[in-house]
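Undergrad: Provided herewith is a single structure, encoded as structure tokens, for subsequent inquiry.
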Amino acid sequence: MGQQKTEMDIESLKHSERRRGSCWDVFLVLSITFLFIAVTAVAIVEVTYLNDLRSGKYLVRPSIQIGTSKLIGGVGGTPPPEYKMQKFAYLEATSSKLMNQTMHWDSVPYSAGQSVGSNFNFDTEKQSLELIQAGTYFMYMNLRFTCTSECTAGLLTVNLYDKLTCQVQLPAADPTPVDRKCWTVNWMEEKTQLLAQMTVPKGLKNWKLELNSSGFGMFLVD
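Under our numbering, the letters of the sequence shown match residues 3 to 224, in that order.
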């Protein structure tokens, strides 16, 4: 009788383990499915925003509207251009030379001022962009290179502090412009200073950076 009970207990444990295993499999599948849906949703939002960036929606004339007329003193709930721009910054390249150096940028005219909002401080001497407010930032960089003569091939890298790395593979003797778009989302502390460092491989010749098509920007997400 005792042996029969032991066998029943063992069989019961086996069924219990199978049930737990089945529940774990279901949980794992649901978790992976949820993660896939979440990643896909984020990718769709980011791709949509990148398309808006390429069209100039945010770089030149930001159209995000925040708050109400009571909060910002606007008419009909529409913020003035300066209010829209305070969380944005956009800098355009000012040197076409490719060399190991801190890249040179400058703001561009926007509305009655420049393309650096009040949440940022751009130091033209240090070529650094300082964050006035901590938070999560969307950062992006657009780079375009053209071959001026008989060009050599090489892998060029641009590092924006330790937050964004943009690598560009430049081919040999190709007259077609090379475009590279890089982006990331990062939490950054107040007073963080961002500098872009260009690293050029040895032997890279006759390539230049197109100024009007190269720049970097960022905006505060929260």
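Every residue, glycine too, gets a C-beta built ideally from N, C-alpha and C.
Alpha carbon to alpha carbon, how far is Y142 from K59? Give it in angstroms, no decimals.
TA: The predicted model places K59 with a pLDDT of 46, which falls under 50 and marks its position as unreliable, so this point remains unresolved.
Undergrad: Considering Q169, what are the terminal residues of the beta strand (DSSP E) in which it resides?
TA: Its beta strand (DSSP E) spans residues L166 to L172.
Undergrad: Where DSSP assigns a beta bridge to M87, which residues make up the other side?
TA: None; M87 has no bridge partner.
Undergrad: When you compare the CB of N102 with every CB in chain B, is at least one pair closer than 8 angstroms?
TA: The chain labelled as chain B is not found in the depicted structure, where only one protein chain is given.
Undergrad: Using a 10 Å radius around the Cβ and a threshold of 16 neighbouring Cβ atoms, would you call W209 buried or exposed?
TA: That one is buried.
Undergrad: Kindly list the residues whose CB is nearer than 7 angstroms to the CB of V41, restricted to its own chain and excluding five residues on each side of it in sequence; keep chain order.
TA: Per-residue confidence for V41 stands at a pLDDT of 48, beneath the threshold of 50, marking its modelled position as unreliable; no derived number is given.
Undergrad: So what does DSSP say about L213, is it helix, strand or coil?
TA: Helix.
Undergrad: For T70, count neighbouring Cβ atoms within 10 angstroms of its own Cβ and tell me buried if that reaches 16, exposed if not.
TA: Note that T70 has pLDDT 29, beneath the 50 cutoff, so the model's placement of it is unreliable and the number below is only indicative. Answer is exposed; the Cβ neighbour count stays below 16.
Undergrad: Check A155 in the structure and name its three-state DSSP category.
TA: It is coil, neither helix nor strand.
Undergrad: According to DSSP, is M143 helix, strand or coil?
TA: If DSSP states are grouped into helix, strand and coil, M143 belongs with the strands.
Undergrad: Taking the continuous beta strand (DSSP E) assigned at A198, which residues delimit it?
TA: Element bounds for A198: A198 to T201.
Undergrad: Can you have a look at V223 and say buried or exposed, based on whether 16 or more other CB atoms are within 10 angstroms of its CB?
TA: Exposed is the call here.
Undergrad: How should S151 be labelled, buried or exposed, when 16 other C-beta atoms within 10 angstroms of its C-beta is the threshold for buried?
TA: The residue in question, S151, is exposed, as its Cβ has fewer than 16 Cβ neighbours within 10 Å.
Undergrad: Residues bridged to Y92 by DSSP?
TA: Beta-bridge pairing links Y92 to G219.
Undergrad: Opposite P111 in the DSSP bridges: which residues?
TA: According to DSSP, P111 bridges with Q116.
Undergrad: D181 by DSSP, collapsed to three states: which one?
TA: The answer is strand: DSSP assigns D181 an E or B state.
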